[in-house]
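*Asks:* Sending over a structure as structure tokens; questions will come in a sec.
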Amino acid sequence: QVQLVESGGGLLQAGGSLRHSCAASGSISRMNIMGWFRQAPGKQRGLVASITSSGQTTYADSVKVRFTISRDNAKNTVYLQMNSLKPEETAVYYCAVLSPASYWGQGTQVTVSS
Numbered sequence: 001q002v003q004l005v006e007s008g009g010g011l012l013q014a015g016g017s018l019r020h021s022c023a024a025s026g027s028i029s030r031m032n033i034m035g036w037f038r039q040a041p042g043k044q045r046g047l048v049a050s051i052t053s054s055g056q057t058t059y060a061d062s063v064k065v066r067f068t069i070s071r072d073n074a075k076n077t078v079y080l081q082m083n084s085l086k087p088e089e090t091a092v093y094y095c096a097v098l099s100p101a102s103y104w105g106q107g108t109q110v111t112v113s114s
């Protein structure tokens, strides 16, 4: 069983930046794909970004250029740097392991005010 603990959520103004951290209870070096998702009120949870064990990244079109996902295997931590945040990106952000098994963090709230 892997536990994921996110941190870094909060309240900020539009245009601001925030960095999420996701600390895993075990080694992430064998976790092939990790990602960040978000769920806004009344909407489905969707992928924001993912990263493979080799460092390949994928981003939702809406966040390309502004967001950066990274991982530090030595610290068993995955990060999501978010820049130029928009009010419509207010959501609960979740860290997840997607492969080889599925694990989810508890989620952290990000609120972007206009």
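End of the sequence shown sits at 114 in the numbering used here; the numbers just go up one at a time, nothing left out. C-beta atoms are modelled at their ideal positions from N, C-alpha and C, and glycine is treated no differently.
Return the first residue and the last residue of the beta strand (DSSP E) that E89 is part of.
*Replies:* Unbroken run through E89: none, as it is neither H nor E.
*Asks:* Considering only residues of the same chain and omitting the five flanking positions on each side of R19, which have a CB-CB separation below 8 Å?
*Replies:* So the qualifying residues of the chain are G8, Y79, L80, Q81, M82.
*Asks:* Buried or exposed: where does E88 fall if 16 or more other Cβ atoms within 10 Å of its Cβ makes it buried?
*Replies:* Exposed.
*Asks:* Taking the DSSP output, what are the residues bridged to K105?
*Replies:* Residue 105 is actually Gly in this sequence, not Lys. According to DSSP, G105 bridges with nothing at all.
*Asks:* Hey, out of G42, A40, V63, whose CA is closest to S48's CA?
*Replies:* Contrary to the premise, residue 48 reads as Val rather than Ser in this sequence. That would be V63, whose Cα lies nearest to the Cα of V48.
*Asks:* Could you give the DSSP three-state label for V5: helix, strand or coil?
*Replies:* Strand.
*Asks:* Compare the C-alpha of R66 against each of A96, G16, T90 and name the closest.
*Replies:* It is G16.
*Asks:* For L85, is the classification buried or exposed, using 16 other Cβ atoms within 10 angstroms of its Cβ as the cut-off for buried?
*Replies:* Classification for L85: buried.
*Asks:* When the Cα of V110 is compared with those of L98, Q39, Q44, S70, which residue comes out closest?
*Replies:* Ranking the options by Cα distance to V110, first place goes to Q39.
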